[in-house]
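Below is one structure, written out as structure tokens; the observations come after it.
Chains as they are written, first to last, in UniProt numbering: chain A, 1 to 301; chain B, 1 to 301.
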């Protein structure tokens, strides 16, 4: 069966919207547990302004404090050259750049036009050139914008092209607020992979309206093999209090494992880490398999 | 696009495990709202022993109290001839019989062997013969048993055959505790529809481990067009406190509507009924679109 790559974003996408600051040693522990479990890539933190995201103000301490596994890529979100310098100083393997396909969403998110964001990325790419640090280009709101609504596929393709011209090694299409439908995912993933068959393409789905795993299955059918997900399903939606955010890593691995997809991940270690996450955070998290058990956890008669 | 039939089970499958009894007039109101919204079939109640399911002790009052729409099928679960007599006296359109594919689950559920269940169904079928009341044959644990684990496809096919020999007009395959994977759903649905291409086949999925909508999409791909779901996602899993039960009706309609599937249902009326359900029950329900809004509910800049 096909090899599927599991990439966890809990430590960045999940933690950034939590009410409470998670202590640095706990963050390091969870990243280490994800590494031990065999996740292929971990978005460890974000080198943004500590004022903008106080929860990740310990980015450098986390990135330097974690154990490194040779088969795991340790990535960090970076908004500008200053962030790239901080990330590089900590031995970050991969820089994640983010721009929204939607102008309105990009303005709301980073107070820049899409063009201005790319101009800044040019400086980051120049700085990183020759360092061996990889660049992943993320496109937020690739499947729809909560302000503008529909996003045209051509616009997504054009921005993928812009990222590749910039020197990005890989691309992520993010369904930032859970607007993608399975049909749309199949169509856009097919278009991208037809145009760039060798592109390392990640799909980053949110389960805001329940379609997350249906979208994963359609993306796999269209040829995608790399997926972002968040331990415990941690994360949320800034526009809808109480709504679900990122798809859940261990639930994703559970579904794919029982269809015999090949992954490098130990599901039981993930489940154990997710239960610990719920304990540390002190509130319920969206993960469903930690509640219901695996489908082969049978009950005594 | 394909016509998809939406069948709601909230008033039976959802309410039976609620802690509080819902007043009869409220039940009637919700069934009427589902009818008004254009749902194709409603499982209105269950004519079982009031001691076994106290929440549905008002089965006759609900079934006689509701408004009838000519395009809606009003169904009820019935365990035996006595239940069938009560259902028939209330003008029930369709009797739903349930047996588990798994012997152990059937013993746990109804204290009978599968063979004994079918013997009882013979009497029900004889009683209903000539009444014009339709029979739907449901197979619980069609995709796995929480006690026995895997269920063989051949066993499911044999029991479908038994139901059809009994005179069943339609069949439901139920994933009673959310054990089905998309791959398995595609395979079993394809097998059933290859053998009985004209069979009105319903898929009844639970979202216990997050795979509900991925399973729906695979079932549609394999040719299925009829789905059970529960308003608000009401329901649960007797083996896992806090776990999700039935897939959510309005979230299902939302997903399919935005892929241009043809349904008879008004999504906004469903959403309004689901919000009212949450208010009446006084606790959060699993529906996600009532929290996050529809994908075309845009935010002001």
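Beta carbons are placed, not taken as given, at the ideal position from N, Cα and C, and that holds for glycine.
Computed from a predicted model, the values in this text were never measured in an experiment.
Under 9 Å between C-beta atoms, does residue 174 (chain B) make it to chain A?
Taking the second chain and counting its residues from 1, the one referred to as residue 174 (chain B) is at position 174. No, its Cβ sits nowhere closer than 9 Å to a Cβ of chain A.
Please confirm if residue 276 (chain B) has its CB atom under 9 Å from at least one CB of chain A.
If you number the second chain from 1, residue 276 (chain B) lands on position 276. False, the Cβ-Cβ gap to chain A never drops below 9 Å.
Suppose the cutoff is 6 Å on Cβ atoms and the five residues either side in sequence are ignored; what does the same chain contact list for residue 97 (chain B) look like?
By one-based count along the second chain, residue 97 (chain B) stands at place 97. Sequence-distant partners of residue 97 (chain B) (beyond 5 residues in either direction) whose C-beta falls short of 6 Å from its own C-beta, in its chain, are 121 and 137.
Residues of chain E with CB under 8 Å from residue 288 (chain A), in chain order?
No chain E is part of this structure, whose protein chains are labelled A and B.
Looking only at C-alpha atoms, which of B:201, B:55 and B:236 sits nearest to residue 223 (chain B)?
Indexing the second chain from 1 puts residue 223 (chain B) at position 223. Nearest to residue 223 (chain B) by C-alpha distance, out of B:201, B:55 and B:236, is B:201.
Within the same chain, show all residues whose beta-carbon is closer than 6 Å to that of residue 188 (chain A), passing over the 5 residues directly before and after it, in chain order.
Translated into the one-based positions of the first chain, residue 188 (chain A) becomes position 188. Here residue 188 (chain A) has 153 as same chain residues with Cβ atoms under 6 Å from its own Cβ, once five neighbours each way along the sequence are excluded.
Residue 109 (chain A) touches chain B at which residues, Cβ-Cβ below 8 Å?
Here residue 109 (chain A) corresponds to residue number 109 of the first chain, with the count starting at 1. For residue 109 (chain A), there are no neighbours in chain B by C-beta distance under 8 Å, as the nearest C-beta there is about 12 Å away.
So residue 87 (chain A) and residue 270 (chain A) are in contact, right, with Cβ under 8 Å, and what is the actual spacing, rounded?
Numbered from its first residue, the first chain carries residue 87 (chain A) at position 87. Numbered from its first residue, the first chain carries residue 270 (chain A) at position 270. The distance from the Cβ of residue 87 (chain A) to that of residue 270 (chain A) is about 26 Å, inconsistent with a contact at the 8 Å cut-off.
Rounded C-alpha distance that separates residue 294 (chain B) from residue 15 (chain A)
Numbered from its first residue, the second chain carries residue 294 (chain B) at position 294. Numbered from its first residue, the first chain carries residue 15 (chain A) at position 15. When rounded, the distance between both Cα atoms is 26 Å.
Between the alpha carbons of residue 215 (chain A) and residue 2 (chain B), how many angstroms are there, rounded?
The count along the first chain starts at 1 and reaches residue 215 (chain A) at position 215. The count along the second chain starts at 1 and reaches residue 2 (chain B) at position 2. When the Cα atoms are used, residue 215 (chain A) and residue 2 (chain B) turn out to be separated by approximately 19 Å.
Amino acids of chain A, ordered along the chain, whose beta-carbon sits closer than 7 Å to that of residue 254 (chain B)
Taking the first residue of the second chain as 1, we reach residue 254 (chain B) at position 254. Against residue 254 (chain B), the close residues of chain A are 209, in the order they occur along the chain (beta-carbon pairs closer than 7 Å).
Check for me: the beta strand (DSSP E) holding residue 119 (chain B) runs from which residue to which?
For the purposes of this step, residue 119 (chain B) is taken as residue 119 along the second chain, with counting starting at 1. That residue, residue 119 (chain B), is in no beta strand (DSSP E); its alpha helix (DSSP H) goes 114 to 128.
Quick one: measure Cβ to Cβ for residue 17 (chain A) and residue 235 (chain A), integer angstroms, because I've assumed they're closer than 8 Å.
Walking along the first chain from the start, residue 17 (chain A) turns up at place 17. Walking along the first chain from the start, residue 235 (chain A) turns up at place 235. Yes, they are in contact, since the Cβ atoms of residue 17 (chain A) and residue 235 (chain A) sit about 7 Å apart, within 8 Å.
Is DSSP giving residue 105 (chain A) helix, strand or coil here?
On the first chain, position 105 is the one that residue 105 (chain A) refers to. Here DSSP, grouped into helix, strand and coil, assigns residue 105 (chain A) to helix.
Can you give the beta carbon distance from residue 84 (chain B) to residue 95 (chain B), rounded, assuming they're within the 8 Å contact cut?
Counting from 1 along the second chain, the entry for residue 84 (chain B) is found at position 84. Counting from 1 along the second chain, the entry for residue 95 (chain B) is found at position 95. That pair is a contact at about 6 Å.
Give the straight-line distance between the Cα atoms of residue 92 (chain B) and residue 204 (chain A), rounded to the nearest whole angstrom.
Position 92 of the second chain, counted from the first residue, corresponds to residue 92 (chain B). Position 204 of the first chain, counted from the first residue, corresponds to residue 204 (chain A). Residue 92 (chain B) and residue 204 (chain A): Cα-Cα distance of roughly 47 Å.
Output needed in chain order: residues of the region 115 to 149 of chain B with a Cβ under 7 Å from some Cβ in chain A.
Of all residues in the region 115 to 149 of chain B, only 144, 146, 147 and 149 come within less than 7 Å of chain A when Cβ atoms are compared, listed by chain position.
Kindly list, in the order they appear in chain A, the residues whose Cβ is closer than 7 Å to that of residue 293 (chain B).
On the second chain, residue 293 (chain B) is found 293 positions in, with the first residue counted as 1. Proximity of chain A to residue 293 (chain B) at the Cβ level (cut-off 7 Å) is accounted for by 240, in chain order.
Taking the C-alpha atoms as reference points, what is the distance between residue 33 (chain B) and residue 273 (chain B)?
As a position in the second chain, residue 33 (chain B) is number 33, starting the count at 1. As a position in the second chain, residue 273 (chain B) is number 273, starting the count at 1. So the alpha carbons of these two residues sit roughly 7 Å apart.
Bridge partners of residue 90 (chain B), per DSSP?
Numbered from its first residue, the second chain carries residue 90 (chain B) at position 90. The partner list for residue 90 (chain B) (beta bridge, DSSP) is empty, contrary to what the question assumes.
Outcome for residue 300 (chain A) when other beta-carbon atoms lying within 10 angstroms are tallied against a minimum of 16
One-based indexing of the first chain puts residue 300 (chain A) at position 300. Residue 300 (chain A) sits exposed, since fewer than 16 C-beta atoms from the chains shown fall within 10 Å of its C-beta.
What separation, rounded to the nearest whole angstrom, lies between the Cα atoms of residue 59 (chain A) and residue 71 (chain B)?
To locate residue 59 (chain A), count along the first chain from 1; it is residue 59. To locate residue 71 (chain B), count along the second chain from 1; it is residue 71. About 60 Å.
Comparing C-alpha positions only, which one of A:52, A:31, A:69 and A:134 sits nearest to residue 44 (chain A)?
Position 44 of the first chain, counting from 1, holds the residue named residue 44 (chain A). Of the candidates A:52, A:31, A:69 and A:134, the one whose C-alpha sits nearest the C-alpha of residue 44 (chain A) is A:31.
Chain A contact residues for residue 301 (chain B), given Cβ-Cβ distances below 7 Å
Against the second chain, residue 301 (chain B) aligns to sequence position 301. Among the residues of chain A, those whose CB is under 7 Å from the CB of residue 301 (chain B) are 104 and 147, following chain order.
So, for residue 125 (chain B): in the same chain, excluding its five sequence neighbours on each side, which residues have a beta-carbon less than 6 Å away from its beta-carbon?
Taking the first residue of the second chain as position 1, residue 125 (chain B) is located at position 125. Scanning its chain for C-beta atoms nearer than 6 Å, with the 5 sequence neighbours on each side dropped, one finds around residue 125 (chain B) the residues 166 and 167, in chain order.
Please report the Cβ distance between residue 145 (chain B) and residue 117 (chain B), rounded to the nearest whole angstrom; I am assuming they are in contact, meaning their Cβ atoms lie under 8 Å.
Translated into positions along the second chain, residue 145 (chain B) becomes position 145. Translated into positions along the second chain, residue 117 (chain B) becomes position 117. So it is not a contact: roughly 15 Å between Cβ atoms.
What residues in its chain sit with their C-beta under 6 Å from that of residue 288 (chain B), if we drop five residues either side in the sequence?
As a working mapping, residue 288 (chain B) is identified with position 288 in the second chain. Excluding its 5 nearest sequence neighbours in each direction, residue 288 (chain B) has C-beta neighbours in its own chain below 6 Å: 251, listed in chain order.
Count the other CB atoms within 10 Å of the CB of residue 54 (chain A); is the residue buried (16 or more) or exposed (fewer)?
Locating residue 54 (chain A) in the first chain gives position 54, counting from the first residue. Per the 10 Å Cβ criterion, exposed.
In the structure shown, what three-state DSSP assignment does residue 78 (chain A) receive?
Locating residue 78 (chain A) in the first chain gives position 78, counting from the first residue. The answer is coil: DSSP assigns residue 78 (chain A) none of H, G, I, E or B.
Going by beta carbon distance, what residues of the same chain come within less than 6 Å of residue 256 (chain A), once the five residues before and after it are set aside?
Along the first chain, read from residue 1 onward, the residue named residue 256 (chain A) stands at position 256. Excluding sequence positions up to five before and after residue 256 (chain A), its CB lies within less than 6 Å of the CB of 4, all in the same chain and listed in chain order.
In the DSSP assignment, find the beta strand (DSSP E) that holds residue 45 (chain B) and state where it starts and stops.
For this step, residue 45 (chain B) is matched to residue 45 along the second chain. Residues 41 to 46.
Against residue 298 (chain A), what residues of chain B qualify as contacts under a CB-to-CB distance less than 7 Å, listed in chain order?
To locate residue 298 (chain A), count along the first chain from 1; it is residue 298. Result: 146, 147 and 149.
Thinking residue 147 (chain A) and residue 105 (chain A) are a contact (beta carbons under 8 Å), I'd like their distance in whole angstroms, please.
Looking up residue 147 (chain A) in the first chain gives position 147. Looking up residue 105 (chain A) in the first chain gives position 105. That belief holds up - the Cβ atoms of residue 147 (chain A) and residue 105 (chain A) are roughly 6 Å apart, short of 8 Å.
Measuring only between beta-carbons, confirm whether residue 62 (chain B) sits less than 9 Å from chain A.
Residue numbering aside, residue 62 (chain B) sits at position 62 when the second chain is read from its first letter. No, its Cβ sits nowhere closer than 9 Å to a Cβ of chain A.
Amino acids of chain B, ordered along the chain, whose beta-carbon sits closer than 9 Å to that of residue 227 (chain A):
Sequence index remark: in the first chain, residue 227 (chain A) carries index 227 (1-based). For residue 227 (chain A), no chain B residue has a Cβ inside 9 Å of its Cβ, as the nearest lies near 13 Å away.
Residues of the region 175 to 189 of chain B with Cβ closer than 7 Å to any Cβ of chain A, in chain order
Correct list: 178, 179, 181, 182 and 183.
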